[in-house]
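Here the sequence shown stands for residues 60 to 271, where the numbers follow the numbering used here.
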Amino acid sequence: MSVTAYSKTHTLRWPIVDDKGQQLTALNIHTLSLRTVRELRAEYGLVDGASDGASDAVLMKFEKALLLRSTGLSDSEYLRLCVPDYNSILRHVRAMVNGKAEPFLAEQAMAQGKKVAEVDPDAPVLLVPVEDKFKGRVSQIAIQPPTVHLQQEARKHTDPFQQTLVIVSTCTELDFDALLDMHMPDWNTLTERVTDFLSETADFFPTSTAND
Numbered sequence: 060m061s062v063t064a065y066s067k068t069h070t071l072r073w074p075i076v077d078d079k080g081q082q083l084t085a086l087n088i089h090t091l092s093l094r095t096v097r098e099l100r101a102e103y104g105l106v107d108g109a110s111d112g113a114s115d116a117v118l119m120k121f122e123k124a125l126l127l128r129s130t131g132l133s134d135s136e137y138l139r140l141c142v143p144d145y146n147s148i149l150r151h152v153r154a155m156v157n158g159k160a161e162p163f164l165a166e167q168a169m170a171q172g173k174k175v176a177e178v179d180p181d182a183p184v185l186l187v188p189v190e191d192k193f194k195g196r197v198s199q200i201a202i203q204p205p206t207v208h209l210q211q212e213a214r215k216h217t218d219p220f221q222q223t224l225v226i227v228s229t230c231t232e233l234d235f236d237a238l239l240d241m242h243m244p245d246w247n248t249l250t251e252r253v254t255d256f257l258s259e260t261a262d263f264f265p266t267s268t269a270n271d
């Protein structure tokens, strides 16, 4: 069963003509999966988030690729955008790739006339549900802190991303494919919490987080 990306609409302050000769007045900007972003990173030599040392030209090409994939614009349509509209769209794309799910979940709730739910960092609701081969569709995840044993086992992998994948998979009981299909705001939410577990001391967490 396919899932639908989260999207938001940007109304173009300066509409453009699309490749079919029709006026384009608004763009739907949608979230991307971890798998898609990693594929694009690899295309530009930016695997595992290693952007340090990359030239500005490479980073600009990568951001352009993200924008095109997020909006469905063609190269020629992209070039027709006025710079202020481009800046607004790029800001949305960056937030969807680098930010967490919480602000988007709040926007979604308000748009639906619902109360904005309090976020539980140990049981986050997913902005975009994922399909797990064992659990089926998953829309909320329970995150458990990693054990010392898990941390040591993960360190046996030389690839930093593989280390992260092993730890997050174990802490969430989701298979690798489900994690790779996760959209970036949800992935960022999970990895931030797991990073807290790996780096913070016990008094950082409320008692409800602990396994009594």
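For every residue, glycine included, the Cβ atom is placed at its ideal position computed from N, Cα and C. Bear in mind the structure is a predicted one, so any value in this text is a computation, not a measurement.
Within 9 Å, strictly: CB atoms of residue i and residue j
i: V152; j: I88; result: yes
i: L239; j: T231; result: no
i: S92; j: M241; result: yes
i: A168; j: A160; result: no
i: Y137; j: F121; result: no
i: V189; j: R196; result: yes
i: D255; j: P183; result: no
i: A85; j: T63; result: no
i: L105; j: R128; result: no
Extent of the continuous alpha helix (DSSP H) run through residue i
i: E136; result: D134 to R139
i: V156; result: V142 to N157
Simplified DSSP state of residue i, which is helix, strand or coil
i: V76; result: strand
i: H242; result: strand
i: E190; result: strand
i: S114; result: coil
Exposure label - residue i; buried when at least 16 CB within 10 Å
i: A79; result: It should be noted that the sequence gives Lys, not Ala, for residue 79. Under this definition K79 is an exposed residue.
i: S114; result: exposed
i: L249; result: buried
i: S135; result: exposed
i: S258; result: exposed
Distance cut-off 8 Å: residue i Cβ against heavy atoms of the ligand NAD
i: T250; result: What this structure holds is no ligand at all, so the ligand NAD is not there to describe.
Contiguous alpha helix (DSSP H) assignments of at least 4 residues, all confined to the segment 204 to 256: 207 to 213, 219 to 231 and 235 to 239
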